[in-house]
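Quick note, the sequences are listed as chains A and B, same order.
At position 42 of the first sequence (counting the first as 1) the number is 42 in full-length UniProt numbering, and the numbers step up by one without a gap.
At position 114 of the second sequence (counting the first as 1) the number is 114 in full-length UniProt numbering, and the numbers step up by one without a gap.
Report on the following structure.
Protein chains: 2
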Amino acid sequence: MKELQTYIHSLTPFSDDNWQHLLPALSVQHFRKDEFLLRAGEVCNALFFVSKGYCRAFYDKDGVDINADFFFEQDIATNINSYGRREKSTFSIQACEPLEVVRFDRDLLLAAAAADPQIETLGRLCLQRIAAKQEKHTALFKLMSAQERYEYLEQAYPEMLQRVSLSQLSSFLGIARETLSRIRGRR
Amino acid sequence: MKELQTYIHSLTPFSDDNWQHLLPALSVQHFRKDEFLLRAGEVCNALFFVSKGYCRAFYDKDGVDINADFFFEQDIATNINSYGRREKSTFSIQACEPLEVVRFDRDLLLAAAAADPQIETLGRLCLQRIAAKQEKHTALFKLMSAQERYEYLEQAYPEMLQRVSLSQLSSFLGIARETLSRIRGRR
DNA sequence: GCGCGTTTGTGACGATCGTCACAGGATAGA
DNA sequence: TCTATCCTGTGACGATCGTCACAAACGCGC
């Protein structure tokens, strides 16, 4: 919870009163490694603020995992298409380590936002972050080769390389595990 | 303006009163083909709702245009990273046809949203749309080969193939113009 | 320290895709 | 109608990357 408060204050002014309005929508949850926060096929009814550990979003492509995204401390994990449009999720979200999150329940959050505009603002700013992250990530694939994508990650998000295994990273970068191993080798 | 009203009503209930609050932030603008809505290096101070025509967002990679996105009628064009975080834009936005847009001025919009929560809600919903579009587009590159990406576009956004030239489409799909020509050829 | 499962490295080979070069079509303006 | 320009198709070739197979390294529990 403390981490969340810090995060919120970094985004927008937020009084105790605002916090009291928000609180009913929140719950702290714990997941063991490999447990699911969201399963493909379900409709996503929550945002998950990561306070400890990390998780991944991944597609199942013909029985093979393809990682869409990783969410570390202070990231917000969700499926926007599912959360926003009430569609079935096309990917799953799963803990990669013992995980602690603050869950934002969608219905309760909407009620809180209707009662307190500052919460609506917070929601908008979170979405801005999420959209910005996506915008950057998509650019990787348009502008860079496999090797360049890896090198970009190396300098822009070095912590990710420390925490995520090569096999998991490869599909996130859209390349084969073997290719990533070779890219890393020649340096 | 009419198109914008229809669009807004499709997102959220919006009274005349809300509209009056929003109006000062809006202006209708016209661009000739090839004119710029935003240039790389500038900070993005507006959202652009496309009412007629279409435009593109593109990166300059070593002097070559790489299309990041296309925005058609009822789309909202902007650079989220620049608009949200006040960073210099890494891409430009340019009219591909004679273009009519409704410009949302950032400062005036923030003021309007502070005065009227329903405008804040509208902003959140627009961002949700933008993020959802990005989420889907990124998935293309992780899950599909060049040919599959083209075929996906063919069935999911057939209008795009009608309006955008093959050369422009190719960089959007992350493939060479020649390759796209061949993909289209074998069918 | 030993064994077992998981992760990473490597070799061989083929498929896909990008690059360069050029030719044929389409389009618009004089 | 003629020409200049832009867009699209196509051939040849090489680079990159994926796939399959297997070996080496690592981590973890006993």
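Every residue gets a Cβ at the ideal spot worked out from N, C-alpha and C, and that includes glycine.
Ranked by Cα distance from Asn-81/B, the options Ala-131/A, Ala-115/A and Gly-84/A are led by Ala-131/A. DSSP lists Asp-105/B as the bridge partner or partners of Ala-46/B. Around Leu-166/A, the same chain offers Arg-177, Leu-180, Ser-181 and Arg-184 as residues with beta carbons nearer than 8 Å, after the five sequence neighbours per side are excluded.
Distance between Phe-70/A and Lys-142/B, taken at the CA atoms: about 14 Å.
Under the 8 Å criterion on CB atoms, Leu-143/B is classed as interfacial with respect to chain A.
At a cut-off of 4 residues, the continuous stretches assigned as alpha helix (DSSP H) that sit fully inside the region 56-128 of chain A are 80-85 and 106-115. Residue range 166-172 is occupied by the alpha helix (DSSP H) that includes Ser-171/B. Excluding sequence positions up to five before and after Asp-116/B, its CB lies within less than 7 Å of the CB of Asn-18 and His-21, all in the same chain and listed in chain order. Inclusion of Leu-108/B and Ala-25/B in the CB contact set at 8 Å is warranted, their separation being smaller than that value. For the C-beta of Ile-80/B, the chain A residues within less than 8 Å are, from N- to C-terminus, Gln-128, Ala-131, Ala-132 and Glu-135. With contacts defined as CB atoms closer than 8 Å, Phe-91/B and Tyr-59/B qualify as a contacting pair. The C-beta of Arg-106/B comes no closer than 8 Å to any C-beta of chain A. For Ser-27/B, the enclosing beta strand (DSSP E) stretches over residues 26-31.
Non-local C-beta neighbours of Ala-95/A in its own chain, meaning closer than 6 Å and more than five positions away in sequence, comprise Phe-31, Lys-33, Glu-35 and Cys-55, ordered along the chain.
By the neighbour-count criterion, in which a residue is buried when 16 or more other Cβ atoms sit within 10 angstroms of its Cβ, Thr-121/B is buried. Excluding sequence positions up to five before and after Cys-44/B, its CB lies within less than 7 Å of the CB of Leu-38, Thr-78, Asn-79, Ser-82, Tyr-83 and Ser-89, all in the same chain and listed in chain order. Short of 8 Å from the beta carbon of Ser-27/B, and not among the five residues preceding or following it, lie these beta carbons of its own chain, in chain order: Val-102, Arg-103 and Asp-105. Within chain B, the residues placing a beta-carbon under 9 Å from that of Gly-84/A are Leu-125, Gln-128, Arg-129, Ala-131 and Ala-132, ordered along the chain. Inclusion of Ala-146/B and Ala-68/A in the CB contact set at 8 Å is not warranted, their separation being larger than that value. Contacts with chain B (Cβ-Cβ distance below 7 Å) from the region 38-61 of chain A involve Tyr-59 and Lys-61, listed in chain order. For Ser-15/A, the nearest beta carbon of chain B is not closer than 8 Å to its own beta carbon. Residue-level contact by beta carbon holds for Thr-121/B and chain A, with a gap shorter than 8 Å. Annotation: Ala-112/A to Gly-123/B spans about 17 Å, alpha carbon to alpha carbon.
Judged by DSSP secondary structure, Leu-37/A falls within the beta strand (DSSP E) whose first and last residues are 36-38.
Put simply, the CB of Thr-179/A is far from chain B, with every gap to its CB atoms at 8 Å or more. Residue-level contact by beta carbon fails for Thr-12/A and chain B, as no gap is shorter than 8 Å.
Put simply, the backbone Cα of Phe-49/B is about 34 Å away from that of Phe-72/A.
At least one beta carbon of chain A lies nearer than 8 Å to the beta carbon of Gly-174/B. Counted as a single uninterrupted DSSP element, the stretch harbouring Ala-176/A is not any alpha helix (DSSP H), since DSSP gives it neither H nor E.
For Leu-23/A, no alpha helix (DSSP H) encloses it, and the DSSP letter there is neither H nor E. Taking 8 Å as the threshold, the shortest C-beta distance from Ile-66/A to chain B falls below it. Check the Cα spacing between Ser-10/B and each of Gln-134/B, Glu-42/B and Asp-75/B: the tightest is with Asp-75/B. Put simply, the CB of Pro-98/A is far from chain B, with every gap to its CB atoms at 8 Å or more. Between the C-alpha atoms of Glu-42/B and Lys-61/B there is a straight-line separation of about 17 Å.
Minimum Cα-Cα distance from Pro-98/B among the listed residues Gln-134/B, Gln-118/B, Lys-52/B and Val-164/B corresponds to Lys-52/B. In this structure Lys-2/B is exposed. Its beta-carbon is surrounded by fewer than 16 other beta-carbon atoms within 10 angstroms.
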